[in-house]
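Quick note: the sequence shown uses my numbering, first residue 4, plus one each step.
In this text, a Cβ means the ideal position worked out from N, Cα and C, and glycines have one as well.
One structure is given here, and the rest of the page talks about it.
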Amino acid sequence: MIKRLFEVPMMVGTSGHPARSDFLYFSNETGIPLLYHWDPARQETRLLTPGTEPIMSKTCLHPTEPRAIFLKDSGGNMDFALYQVDFEGNQERLMPGTLGFVLHLYWATDGDWLLGGHDHGQAYLRRLSPDGTLRDLFTSEKQIMTSAYDPQRELLVASVGRGAGTRLVLVDAREGWVREWVSESDSSEDILPALQVDKGYLAYVTDAPGTHQELVVRATEGLAELLRVPVPGELDWMVGELLWVDEVTLFAVMAKAGQLSAHFLDIRTGRWSEPVTEGSVFNPAITRDGLVWVNTGFAQVPRIQSYRDGKVVELFAVSSVLPIELSVESHWYPSFDGRMVQGWLIRSQNPHAPLVVYGHGGPTVMTGNWWDPMMLAPVLAGYHLFAPNFRGSTSFGAEFRDLNIGDLGGGDLQDVLYGARSVSALLGLESKPAILGASYGGYLTLQALTTQPDAWAGGVAIVAPVDWAQDYELSGAHYRSWLLHFFGGTPEEKPELYRERSPRTYVEQLAAPVLILHGENDAICPIEPVKEFAAEAARLGLPARLLITEDEGHGALQNANAIRECVQMLEHLRTLFD
4 MIKRLFEVPM MVGTSGHPAR SDFLYFSNET GIPLLYHWDP ARQETRLLTP
54 GTEPIMSKTC LHPTEPRAIF LKDSGGNMDF ALYQVDFEGN QERLMPGTLG
104 FVLHLYWATD GDWLLGGHDH GQAYLRRLSP DGTLRDLFTS EKQIMTSAYD
154 PQRELLVASV GRGAGTRLVL VDAREGWVRE WVSESDSSED ILPALQVDKG
204 YLAYVTDAPG THQELVVRAT EGLAELLRVP VPGELDWMVG ELLWVDEVTL
254 FAVMAKAGQL SAHFLDIRTG RWSEPVTEGS VFNPAITRDG LVWVNTGFAQ
304 VPRIQSYRDG KVVELFAVSS VLPIELSVES HWYPSFDGRM VQGWLIRSQN
354 PHAPLVVYGH GGPTVMTGNW WDPMMLAPVL AGYHLFAPNF RGSTSFGAEF
404 RDLNIGDLGG GDLQDVLYGA RSVSALLGLE SKPAILGASY GGYLTLQALT
454 TQPDAWAGGV AIVAPVDWAQ DYELSGAHYR SWLLHFFGGT PEEKPELYRE
504 RSPRTYVEQL AAPVLILHGE NDAICPIEPV KEFAAEAARL GLPARLLITE
554 DEGHGALQNA NAIRECVQML EHLRTLFD
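As structure tokens, then:
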């Protein structure tokens with residue numbers, strides 16, 4: 004059953020062009036993620052990048068010709084090289100070196116390519132020519148999270164920073180000089196730029212004073228304000244999307260109370276539509292025939308839909324593989340300080356089954372209404388599962404989202420513990436729960452097991468950070484900025500906070516068995532500190548087991564590895580409750 008669960012194709016990353024009807028997407032239907040092309044004339048897909056190396060990053064269609072560019076790293080190390088592929092599957096590497104972690108990719112007007120990302124030293128916007136010339140257009144020590152490109156005006160717009168003080172920079176995409184900075188205030192966070200090329204409009208999201216976000220539309224020339232409306236949800240760089248459909252319509256994917264929904268905005272009236280489709284929408288792209296996106300839900304396997312002539316059309320999908328009806332409910336509970344926290348409870352068919360608590364990554368994301376095999380697997384194995392959207396999660400307002408700044412592993416971990424207690428009481432369970440999670444959820448798992456050792460039966464920590472100070476020294480510019488945002492300084496400036504909030508500090512308090520799963524090439528949570536944590540636990544005779552997956556990075560991309568890790572996770576959970 005677990006094998007079937009992971010063999011459901013994970014379709015992600017649709018990429019189109021307003022002048023074209025076809026589009027690209029990534030799918031792991033062969034067992035690894037690869038790049039596919041949808042041909043609307045034939046109503047069929049074509050694999051463009053056959054082989055054994057996973058490809059799941061950024062891709063971009065040529066505006067008119069049958070070719071595309073894409074990025075590929077080595078074994079999940081997130082140090083990407085740029086490739087070109089035509090629709091016959093012929094690939095060509097476009098430069099000998101690598102580019103670091105690339106987050107943004109555009110085809111420029113004269114055959115050059117525009118890149119946004121970061122290397123070890125800095126975040127950047129760059130222009131790459133076919134002869135291999137690579138030029139910096141803009142660099143920063145701060146994160147560059149979201150961007151947009153206007154080929155008519157040779158304009159790149161990017162959000163620079165994270166949290167309060169994040170601004171939009173308007174950069175000349177040919178010469179590299181800064182045309183303008185856009186900032187609502189010194190303390191605002193201005194993100195998710197979207198450019199309407201025909202009209203010369205810039206749309207973006209800003210956090211308004213008080214309780215909500217606003218969507219702002221300005222002219223790119225002169226920056227005159229054309230519209231300002233409240234956002235009926237939360238648009239964030241991790242879980243939000245914003246793009247122009249035509250000259251008067253924006254499409255936005257936003258989050259509210261742990262759920263994603265997609266809406267249109269008519270800028271003539273300033274009115275938002277009702278949700279366009281059920282479930283979550285990811286990676287929308289605009290084509291000549293309309294929007295395309297990936298649609299999914301808790302029990303809805305990923306499928307690709309389009310929006311044409313006012314209707315949602317399903318282009319292709321696979322049937323559900325779940326052998327049971329999921330019982331999913333939103334559960335609110337009071338945390339240690341009286342604040343109400345939301346989470347998702349998926350009940351086992353056995354009312355007396357043990358409870359597994361699942362922590363999401365990020366932490367500035369959420370557990371929402373989408374397909375997640377690692378979350379579903381414990382339920383199919385017979386456990387109750389509770390996924391709390393602890394403080395720091397998106398979709399509950401900026402105040403709640405920012406409560407974990409300066410407090411990683413503090414109030415959020417208390418939210419997790421109080422959620423486990425609340426759900427255990429609701430289910431009438433007396434046994435201790437287990438805890439698991441990946442990335443930041445893996446961190447919470449280790450922090451819980453080392454600082455709350457009497458509360459948990461054990462856990463599974465996947466690609467988890469264990470020593471924040473050491474990670475700072477080993478990480479590139481993007482993740483150093485992440486740490487600066489959450490800790491308020493470097494390890495030299497905040498040594499006690501970095502030490503206090505690292506599971507490695509408390510390894511000797513580990514009492515319940517923990518399984519640690521980690522990719523050998525993880526560039527986000529480097530493996531060296533994890534090995535040292537496991538070695539120290541072994542020296543002390545403590546119940547920690549580390550399993551390293553070769554040729555993987557921050558999470559397993561190859562189905563064989565993901566299935567093996569999931570089986571190892573379930574076997575470990577079984578030992579906790581036997």
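Rounded straight-line distance, which links the Cα of residue j to that of residue i
{"i": "F519", "j": "G114", "result": "Contrary to the premise, residue 519 reads as Ile rather than Phe in this sequence. Those two C-alpha atoms are separated by around 46 Å."}
{"i": "L325", "j": "L573", "result": "17 Å"}
{"i": "G556", "j": "L230", "result": "43 Å"}
{"i": "V234", "j": "D193", "result": "13 Å"}
{"i": "L27", "j": "L64", "result": "8 Å"}
{"i": "N298", "j": "E244", "result": "14 Å"}
{"i": "W459", "j": "A423", "result": "10 Å"}
{"i": "Y443", "j": "P468", "result": "7 Å"}
{"i": "E495", "j": "R165", "result": "21 Å"}
{"i": "Y509", "j": "W110", "result": "49 Å"}
{"i": "Q46", "j": "Y361", "result": "39 Å"}
{"i": "V344", "j": "T397", "result": "12 Å"}
{"i": "D581", "j": "H355", "result": "14 Å"}
{"i": "L131", "j": "A541", "result": "48 Å"}
{"i": "P278", "j": "S264", "result": "6 Å"}
{"i": "K259", "j": "D134", "result": "47 Å"}
{"i": "A526", "j": "R129", "result": "22 Å"}
{"i": "M98", "j": "S77", "result": "15 Å"}
{"i": "V3", "j": "L106", "result": "This structure cannot speak to residue 3, because the chain is shown only from 4 to 581."}
{"i": "G335", "j": "N353", "result": "According to the sequence provided, residue 335 is Trp. The question's Gly does not apply to it. Spanning the two alpha carbons is a distance of roughly 22 Å."}
{"i": "L348", "j": "G371", "result": "11 Å"}
For residue i, the first and last residue of its enclosing alpha helix (DSSP H)
{"i": "G444", "result": "443 to 454"}
{"i": "L579", "result": "562 to 580"}
{"i": "G422", "result": "414 to 430"}
{"i": "K6", "result": "5 to 10"}
{"i": "I1", "result": "For residue 1 there is no data in the structure shown, the boundaries of the chain being 4 and 581."}
{"i": "L226", "result": "Taken as a continuous stretch (DSSP letters only), L226 belongs to no alpha helix (DSSP H), as it is neither H nor E."}
{"i": "Y475", "result": "471 to 477"}
{"i": "V382", "result": "376 to 383"}
{"i": "F399", "result": "Taken as a continuous stretch (DSSP letters only), F399 belongs to no alpha helix (DSSP H), as it is neither H nor E."}
C-beta contact flag for residue i and residue j at 8 Å
{"i": "Y152", "j": "L117", "result": "yes"}
{"i": "G203", "j": "E228", "result": "no"}
{"i": "F254", "j": "L195", "result": "no"}
{"i": "V466", "j": "G522", "result": "yes"}
{"i": "L50", "j": "S60", "result": "no"}
{"i": "W471", "j": "L487", "result": "no"}
{"i": "F301", "j": "V321", "result": "no"}
{"i": "P53", "j": "G92", "result": "yes"}
{"i": "A176", "j": "L218", "result": "no"}
{"i": "L477", "j": "E531", "result": "yes"}
{"i": "D418", "j": "P391", "result": "yes"}
{"i": "F104", "j": "G120", "result": "yes"}
{"i": "M257", "j": "L238", "result": "yes"}
{"i": "S276", "j": "F285", "result": "no"}
{"i": "L388", "j": "V368", "result": "no"}
{"i": "S333", "j": "G261", "result": "yes"}
Extent of the continuous beta strand (DSSP E) run through residue i
{"i": "Q199", "result": "193 to 199"}
{"i": "S287", "result": "The residue you asked about is not Ser; residue 287 is Pro in the sequence shown. Element bounds for P287: 283 to 290."}
{"i": "P133", "result": "Careful: P133 lies outside any beta strand (DSSP E) and carries neither H nor E."}
{"i": "D89", "result": "84 to 89"}
{"i": "D122", "result": "Here D122 belongs to no beta strand (DSSP E), and DSSP marks it neither H nor E."}
{"i": "Y509", "result": "Counting along the chain, Y509 falls outside any beta strand (DSSP E), and DSSP gives it neither H nor E."}
{"i": "W485", "result": "Unbroken run through W485 is the alpha helix (DSSP H), 480 to 490; no beta strand (DSSP E)."}
{"i": "N298", "result": "293 to 299"}
{"i": "S188", "result": "S188 -> no beta strand (DSSP E), and no H or E assigned at all."}
Nearest-angstrom beta carbon gap, residue j and residue i [assumed within contact, 8 Å]
{"i": "T280", "j": "Q303", "result": "About 11 Å; that fails the 8 Å criterion."}
{"i": "T48", "j": "I35", "result": "Between I35 and T48 the Cβ distance is about 16 Å, and since that is not below 8 Å, they are no contact."}
{"i": "V172", "j": "L205", "result": "Actually they are not in contact, since the Cβ atoms of V172 and L205 sit about 12 Å apart, beyond 8 Å."}
{"i": "T209", "j": "S190", "result": "That belief does not hold up - the Cβ atoms of T209 and S190 are roughly 11 Å apart, past 8 Å."}
{"i": "R507", "j": "F536", "result": "5 Å"}
{"i": "P57", "j": "E32", "result": "Actually they are not in contact, since the Cβ atoms of P57 and E32 sit about 13 Å apart, beyond 8 Å."}
{"i": "T493", "j": "Y475", "result": "7 Å"}
{"i": "P516", "j": "G445", "result": "Their Cβ separation, rounded to whole angstroms, is 15 Å, which puts P516 and G445 out of contact at 8 Å."}
{"i": "L545", "j": "L513", "result": "5 Å"}
{"i": "S18", "j": "A288", "result": "5 Å"}
Counterpart residues of residue i in DSSP-defined beta bridges
{"i": "S162", "result": "L171"}
{"i": "K145", "result": "None; K145 has no bridge partner."}
{"i": "Q345", "result": "W335, N392"}
{"i": "S24", "result": "Answer is none; S24 lacks a bridge partner."}
{"i": "Y501", "result": "Beta-bridge pairing links Y501 to no other residue."}
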